[in-house]
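Written out below as structure tokens is the structure these notes cover.
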Amino acid sequence: MSRASWEQVLPQSLDDHAIQNSVKVLFDQIQLHVENFYFNPQESIKIPPEAHERLSELQTPHLPGPLVDCMKSSRSVLPVIKHCLAHQVVQGMMAGQQPRLLPLGFTYACGDRGFSDSTGRRAIGTQTESAAFLARNIEMDVDAFTDAFAKWRNESQDVAGAKSHLEGLLKNAASVASTLFSQPSMYQFSWIYTPQYNRSVLIVPTFRKVTDEQGKALEQPQELMRPVAERI
45 MSRASWEQVL PQSLDDHAIQ NSVKVLFDQI QLHVENFYFN PQESIKIPPE
95 AHERLSELQT PHLPGPLVDC MKSSRSVLPV IKHCLAHQVV QGMMAGQQPR
145 LLPLGFTYAC GDRGFSDSTG RRAIGTQTES AAFLARNIEM DVDAFTDAFA
195 KWRNESQDVA GAKSHLEGLL KNAASVASTL FSQPSMYQFS WIYTPQYNRS
245 VLIVPTFRKV TDEQGKALEQ PQELMRPVAE RI
């Protein structure tokens, strides 16, 4: 598929307010998903050994300790679960040359110079192959998250409903990711913040615009979304 073919389906350039709103809505969805499908137990839940590995796959460098320990010792586990889902989504949108929540080769089509021409064109393939790549990644991410936090899922919510809702959320994240990558400006998520309390985690990262529409770095990055932290 040629670059011209891709350009026909790329999202249009949006203003800062539209970008800000799409990202805010996504993180609102993340908070609501956790609040609707998971609960905070009155007593610590015993975590079997096989669950340790599933939780470790969602470990982030921004937690106060191992995820397993956080789930055992936190007064409220919901912020921990929110943090892990938000981090999983951001990693899928922004990490590496081929983010998990973008169709195969999309960053090349949007002008990513990390690919050589031959590598990029092989990566793009067909729209069908790219869509299948994205669908597989979403399915794997849904399973990884839902299985890891199965012990804390509301009994009133079945696993099929939780997975279906999360799949819709990740599809929206993929749409937001494609919009961000297709803009002339560059954007950045940051998990760095000064905690107000000893045991708190970010459930929403800082989101900034870091270049102008000509690709020139802004002297002062424009903050489009402030970080939000909750105590655990």
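Here the sequence shown stands for residues 45 to 276, numbered as in the working numbering.
Where is the CB? At the ideal position from N, CA and C, for every residue including glycine.
Asked	Found
Where Y241 and A204 are concerned, what is the direct C-alpha to C-alpha distance, given to the nearest angstrom?	36 Å
With distances taken Cα to Cα, identify the nearest neighbour of K260 among V245, P228 and N80.	P228
If you pair each beta-carbon of the segment 109–118 with each one of the segment 246–263, do three or more pairs fall below 8 Å?	no
Thinking just about the alpha-carbon of each residue, which of N80, V245 and A221 is nearest to the one in S118?	V245
Apply the 10 Å Cβ neighbour rule to L129 and answer buried if 16 or more other Cβ atoms are within range, or exposed otherwise.	buried
In whole angstroms, what separates the C-alpha of P265 from that of K253?	6 Å
Can you give the Cα-Cα distance for V124 and S57, rounded to whole angstroms?	34 Å
Between the C-alpha atoms of D191 and R98, what's the straight-line distance to the nearest angstrom?	7 Å
Just to confirm before moving on: does the CB-CB distance between V220 and V67 stay below 8 Å?	yes
Identify every run of the alpha helix (DSSP H) within the segment 66–141, keeping only runs that are complete inside it and at least 4 residues long; order them along the chain.	93–100, 111–117 and 122–138
Start and end of the alpha helix (DSSP H) containing F225?	V203 to F225
State the start and end residues of the unbroken beta strand (DSSP E) segment that holds K195.	Taken as a continuous stretch (DSSP letters only), K195 belongs to no beta strand (DSSP E), as it is neither H nor E.
Determine the DSSP secondary structure at I247, reduced to helix, strand or coil.	strand
Considering only DSSP beta bridges, list what F233 is partnered with.	F251
Below 8 Å on the Cβ atoms is my contact criterion, and I expect P147 with A175 to pass it. Report the Cβ-Cβ distance as a whole number of Å.	6 Å
Out of K195, T238, Q232 and T255, which has the shortest C-alpha to C-alpha gap to S88?	K195
Between which two residues does the beta strand (DSSP E) holding L262 run?	A261 to M269
With DSSP as the reference, please indicate the residues paired to R275 in a beta bridge.	S244
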